[in-house]
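Take a look at the structure set out below.
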Amino acid sequence: MGYITSSTNVLRTVKKGPNVGKKFYGCSLWPQNGCGFFQLEEMQVDVGSNSTNTDLETQFKNYEAKLKKLKLKNEKLKMEVSMLKVKVEKHSKGEKIVMFGLIFSWIIFAFSWLFRT
Numbered sequence: 001m002g003y004i005t006s007s008t009n010v011l012r013t014v015k016k017g018p019n020v021g022k023k024f025y026g027c028s029l030w031p032q033n034g035c036g037f038f039q040l041e042e043m044q045v046d047v048g049s050n051s052t053n054t055d056l057e058t059q060f061k062n063y064e065a066k067l068k069k070l071k072l073k074n075e076k077l078k079m080e081v082s083m084l085k086v087k088v089e090k091h092s093k094g095e096k097i098v099m100f101g102l103i104f105s106w107i108i109f110a111f112s113w114l115f116r117t
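Going by UniProt numbering, the sequence shown opens with residue 1, and the numbers climb by one from there.
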């Protein structure tokens, strides 16, 4: 069926499917012999180890602090975007007024030029 000895098994990485990125052991003779041996690599975490728990707690606190900073930055950027939208609306209204003034001045100029006596 397959080669189960660790000397012929090779650690590989899944490239497609739902397990992308996970490591697995497969037979080194797989492409040639059609060996079907396959075993996902189990991650070994010693839950009872105090240093591992401390490291994980520290890492978790660091991620929480980073998340808090990113949320504050996100709120600041949202405020900035809303202020910029208000500025754009003001400039847009100003441009419309200037455009109407320009058109009106051209109309007055055209009438004064046509009806000069």
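Just so it is clear, CB atoms sit at the ideal spot from N, CA and C, and this is done for glycine as well.
Distance between residue j and residue i (C-alpha atoms, nearest Å)
i: T13; j: G36; result: 16 Å
i: A65; j: Q59; result: 10 Å
i: S112; j: S105; result: 10 Å
i: M99; j: K15; result: 59 Å
i: T52; j: K87; result: 52 Å
i: I107; j: E80; result: 41 Å
Neighbour-count burial assignment, residue i, 16 or more Cβ in a 10 Å radius
i: N9; result: buried
Beta-carbon gap between residue i and residue j smaller than 9 Å
i: L40; j: Y25; result: yes
i: N19; j: C27; result: no
i: K22; j: L11; result: no
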